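Participant: These protein sequence lines map, in sequence, to chains L and B. Residue numbering for the first sequence follows my numbering, starting at 353 and increasing by one per position. Residue numbering for the second sequence follows my numbering, starting at 353 and increasing by one per position. Heads up, the beta-carbon is just placed ideally off N, CA and C, and yes, glycines get one too. In this text the structure is predicted, and so the values were computed from the model without any measurement. Just passing along the structure, written as structure tokens.
2 protein chains.
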Amino acid sequence: MNIILLSGGSGKRLWPLSNDIRSKQFIKVFKKEDGEYESMLQRMYKGIKEVNKDSNVTIATSSTQTSIIKNQLGENIDISIEPCRRDTFPAIALATAYLHDVKKISTDESVVVCPVDPYVESDYFKTLEKLYEVSNKGNFNLSLIGIKPTYPSEKYGYIIPEEKDKLSKVKTFKEKPNVETAKEYIKEGALWNAGVFAYKIGYVLDIAHKLIDFEDYYDLYDKYETLNKISFDYAVVEKEDQIQVLPFDGLWKDLGTWNTLTESMNERIMGKGVFDEKSKNSYIINELNVPVLGMGLEDIIVAASPDGILVSKKDESSYIKPYVENFKEQVRYAEKSWGTYKVINIEDESQTVLVTLNPGHSMKYHSHDNRDEVWTVVSGEGVSIIDDMEQIIRPGDVITIDAGCKHTVLATTQLKLVEVQIGKEITVEDKNVYKLTRK
Amino acid sequence: MNIILLSGGSGKRLWPLSNDIRSKQFIKVFKKEDGEYESMLQRMYKGIKEVNKDSNVTIATSSTQTSIIKNQLGENIDISIEPCRRDTFPAIALATAYLHDVKKISTDESVVVCPVDPYVESDYFKTLEKLYEVSNKGNFNLSLIGIKPTYPSEKYGYIIPEEKDKLSKVKTFKEKPNVETAKEYIKEGALWNAGVFAYKIGYVLDIAHKLIDFEDYYDLYDKYETLNKISFDYAVVEKEDQIQVLPFDGLWKDLGTWNTLTESMNERIMGKGVFDEKSKNSYIINELNVPVLGMGLEDIIVAASPDGILVSKKDESSYIKPYVENFKEQVRYAEKSWGTYKVINIEDESQTVLVTLNPGHSMKYHSHDNRDEVWTVVSGEGVSIIDDMEQIIRPGDVITIDAGCKHTVLATTQLKLVEVQIGKEITVEDKNVYKLTRK
């Protein structure tokens, strides 16, 4: 199966664990059997590979998410990067061209496109495989999955099939209805539109060539910024008559708010935390290294990270967005392709960061114009490169890096260092990147 | 007026702002007119000095609290240090001997003894002055303040006076009663025993010499550890017939729990925090540098510090102690006589600390056996002394301190440095202190 996982999202609704560079699909809140935690992205990827280890997975995402995706899925994951946001049709066309021109997949093969963030189990992945198969047969240009509704939701669009409870031609699509209308749709056998669909690569490329003047993936990528914003629904779905829908009757949940997310956690406390005996139906999600104590709480969610602390009645947690948009604090925790970056102290003209490099990884070779840095290695081994001078580094070693000085570290084992930044203007934009050529 | 302020307390009930070295009286939660915050200790001291600037104040406390008291009241505050805990009679005898033998106050003068932690206003301090005066007259050996009860509390002992509503001889003392009994006491004119009393210095010293074999303050201090534990009530009050009580009818609150403390705060949010419109009667007390967001909260207290996070229904907050006793985490924030010490990161074999020195102050000249340290100066100016070598230090300067190496910093301006500690065993006990002799 060829599959494109769409990874988007702004990360406001699950603050403080999500932020501008850590969308909800990257938060590690699902406990695995080994006691470690995994994210929705990791869960989805693992599920696809478990059903069919030969599945050909590509992640379609923006450049800001590539580091964290590589951190969570490994360096070798295929990523189709959108240079900027241009709505769903250009994004899907670009990823489809990537499959054809970079991964050399034939125009006659199908591809499944699916969002990365629903909470699902293995029957869902089997249904994706089945969707791929029915798309490959070629009887319909577009094949969708329809989720069997569990209640008359106002949150989803509905798909009305010609025949109930089986693979069927789509009769019509309906916009998000009110509850009464939703009830009527459901009587007719309507299904939720989960944004999961499959098509032959040639089908979408043909439409793309009609709408956009481009040669191939590389050309499309280069002119991406000049493209018009256009949705996949408008460009494809609304103009297509040959659409089929495959019903899915298993677990499918949208974990977009703390309220729905905590319902899917298999424990009440994640991280350091204690509830008293009077606390009921409450949750602690704690990424800090100090304890959270909950006393007499009912239906309360406590979420703590280096970015801040949320304490919310469960029902209210879905209204978080405008409050978080008002916070002007910088992001304090980031997963990078090479490890993690945690701001542990901020002063007026200095900032202290714990940098953790994964074994075999290195940060980009770079310099800053407006700040000096001091590194103190606290664990692990590696090699520092400062203005092209290499040096083996171990715990206790101190490296001073003046403004303008090129620097990086290559971690041999997992390596942690405390970085003290000193300067009048400390910004993430102050960074010059160089090509590293080692002797 | 001579006054001894008793500063004790273990600091569990106001966790995470209070801890083993920061008892409740040191937490800065009371907003002053200039927008800064002050502690109960600072509020009490200021109140005494406002009523009479010549008041002769001595703080009686344990050695663990001397640093924070000097930090909050200044280097010149008189402190009588208990070498260890030996119950109330030895503690009061020691402080009284300190007044006589160190501060050279005559045995014929009175002294008022009062706990440092009730929340009071200026009329209370005026009553302390009056207590001092009536004690000085010498008609009674012991003079107490009795608080006019506002409700039939089970939390306090009661004093029954011979005559209601005026300075009167005490008829009898009553242990903490149940509510019904308390109501009856109150009908008789009973007053709460607030643990505030006055006596002539010679009176307590005479009793002390009868019970303990000692020469003077210095001798008593040296043999303090060998003394029997004995309460002031048992040694003095129960054996004394000549006791008078002065009623006090003003504001007097015991702010021992988050519930009572927040009631006396004049704002709902201290530090970085936001409530949504649905939140009611809730409080944020946040010492961290990141925001707390409260949504849909009713009667909830959120308190956050580098030591941890408490989220508690107001009523439940008084039952916090056993939970906090189970936390084995080290203290992350401490006020020292020279400034503050904040642990900003803990790893297996390293720890990073933000050290802030007040202008003109220096830490003790010391060394560690089992850890190296790296200092990076992030703001301010001062002088470092490393193995007797002096050096002027400024932001960006790095000082490496190997295990065994003697070190200190003298701050010229306020000075902040990031200290990275590296070693297999990092403990507060690993500290050798030296006398500093500068050339």
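With a Cβ-Cβ cutoff of 8 Å, do L/F584 and L/F441 count as a contact?
Facilitator: Annotated as proximal: L/F584 and L/F441, with beta-carbon spacing under 8 Å.
Participant: Rounded to a whole number of angstroms, what is the C-alpha to C-alpha distance between B/E527 and L/S669?
Facilitator: 49 Å
Participant: What residue ranges within the segment 546-605 of chain L form continuous alpha helix (DSSP H) runs of no fewer than 4 residues, ordered along the chain?
Facilitator: 553-563, 569-574 and 584-587
Participant: Given this structure, state the Cα-to-Cα distance separating L/S414 from L/D430, to the nearest angstrom.
Facilitator: 13 Å
Participant: Count the C-beta pairs between the segment 497-514 of chain B and the segment 533-544 of chain B that are closer than 8 Å, then say yes if the count reaches three, no if not.
Facilitator: yes
Participant: Indicate whether at least one CB of chain L lies closer than 8 Å to the CB of B/L322.
Facilitator: Past the boundaries of the shown model lies residue 322 of chain B; chain B is included only from 353 to 791, so the question cannot be answered.
Participant: Pick from B/D659, B/P658 and B/L357: whose alpha carbon is nearest that of B/S432?
Facilitator: B/L357
Participant: Bridge partners of L/C466, per DSSP?
Facilitator: L/L357
Participant: Comparing alpha-carbon positions, which option in L/L645, L/V642 and L/E650 lies nearest L/S631?
Facilitator: Nearest option by C-alpha distance: L/E650.
Participant: Is the Cβ-Cβ distance between L/I696 and B/I696 less than 8 Å?
Facilitator: yes
Participant: According to DSSP, is L/N530 helix, strand or coil?
Facilitator: coil
Participant: At the level of alpha carbons, what is the spacing between B/V548 and B/V750?
Facilitator: 52 Å
Participant: So, do the segment 631-643 of chain B and the segment 388-401 of chain B have three or more beta carbon pairs nearer to each other than 8 Å?
Facilitator: no
Participant: Would you please state the rounded distance, in angstroms, between the beta carbons of B/D568 and B/D739? I believe it to be under 8 Å.
Facilitator: So it is not a contact: roughly 40 Å between Cβ atoms.
Participant: To the nearest angstrom, how far is it from the Cα of B/G363 to the Cα of B/N371?
Facilitator: 5 Å
Participant: Select from L/G660, L/E781, L/E427 and L/L572 the residue whose C-alpha is nearest the C-alpha of L/I411.
Facilitator: L/E427
Participant: Looking at the strands, I want to know which residues DSSP matches up with B/D430.
Facilitator: Residue pairing by DSSP puts B/D430 in a beta bridge opposite B/T410.
Participant: Go ahead and pull the three-state DSSP assignment for B/T752.
Facilitator: strand
Participant: Hey, could you find the ends of the alpha helix (DSSP H) B/Y675 is sitting in?
Facilitator: K673 to N678
Participant: Roughly how many whole angstroms lie between the Cα atoms of L/I621 and L/A560?
Facilitator: 48 Å
Participant: If you run the structure through DSSP and keep just helix, strand and coil, what is B/T393?
Facilitator: In the sequence under discussion, the amino acid at residue 393 of chain B is Leu, which differs from the Thr named in the question. If DSSP states are grouped into helix, strand and coil, B/L393 belongs with the helices.
Participant: For L/N397, collect the residues of the same chain with a Cβ closer than 6 Å to its Cβ; drop the 5 residues on either side in sequence, then sort them by chain order.
Facilitator: First, the amino acid is wrong: residue 397 of chain L is Tyr here, not Asn. So the list reads L425, once near-sequence residues are dropped.
Participant: Rounded to the nearest angstrom, how far is the Cβ of L/L878 from that of L/G734, given a contact under 8 Å?
Facilitator: In the structure as shown, chain L starts at 353 and stops at 791, and residue 878 of chain L therefore has no counterpart that could be examined.
Participant: Compute the distance between the beta-carbons of B/D724 and B/I753, then report whether it is under 8 Å.
Facilitator: Result yes, Cβ atoms of B/D724 and B/I753 sit closer than 8 Å.
Participant: Helix, strand or coil for L/S664, going by three-state DSSP, please let me know.
Facilitator: strand
Participant: Along the chain, where does the beta strand (DSSP E) that runs through B/P513 open and close?
Facilitator: Y510 to P513
Participant: Measure the alpha-carbon distance for L/G691 versus B/R438 and round it to whole angstroms.
Facilitator: 53 Å
Participant: Can you tell me which residues form a DSSP beta bridge with L/Y450?
Facilitator: Looking at the DSSP assignment, L/Y450 forms no beta bridge with any residue, so it has no partner.
Participant: Using alpha carbons as the reference points, say which of L/I636, L/Y685 and L/L598 lies closest to L/S520.
Facilitator: L/L598
Participant: Quick one, which of L/H713, L/D782 and L/T789 has its alpha-carbon nearest L/Q306's?
Facilitator: Because residue 306 of chain L is not part of the residues shown, which for chain L are 353 to 791, the question remains open.
Participant: Would you call the segment 522-541 of chain B and the segment 575-582 of chain B touching, i.e. three or more CB-CB distances under 8 Å?
Facilitator: no
Participant: What first and last residue would you give for the beta strand (DSSP E) that runs through L/L366?
Facilitator: Per DSSP, L/L366 belongs to no beta strand (DSSP E) and is neither H nor E.
Participant: Listed in chain order, which residues of the segment 607-635 of chain B have Cβ atoms closer than 7 Å to some Cβ of chain L?
Facilitator: V626, D628 and K630
Participant: So that I know if they touch, is there some Cβ in chain L lying closer than 8 Å to that of B/F679?
Facilitator: yes
Participant: Does any CB atom of chain L fall closer than 8 Å to the CB of B/V683?
Facilitator: At a cut-off of 8 Å between C-beta atoms, B/V683 does not count as an interface residue with respect to chain L.
Participant: Does chain B have any CB closer than 8 Å to the CB of L/K768?
Facilitator: yes
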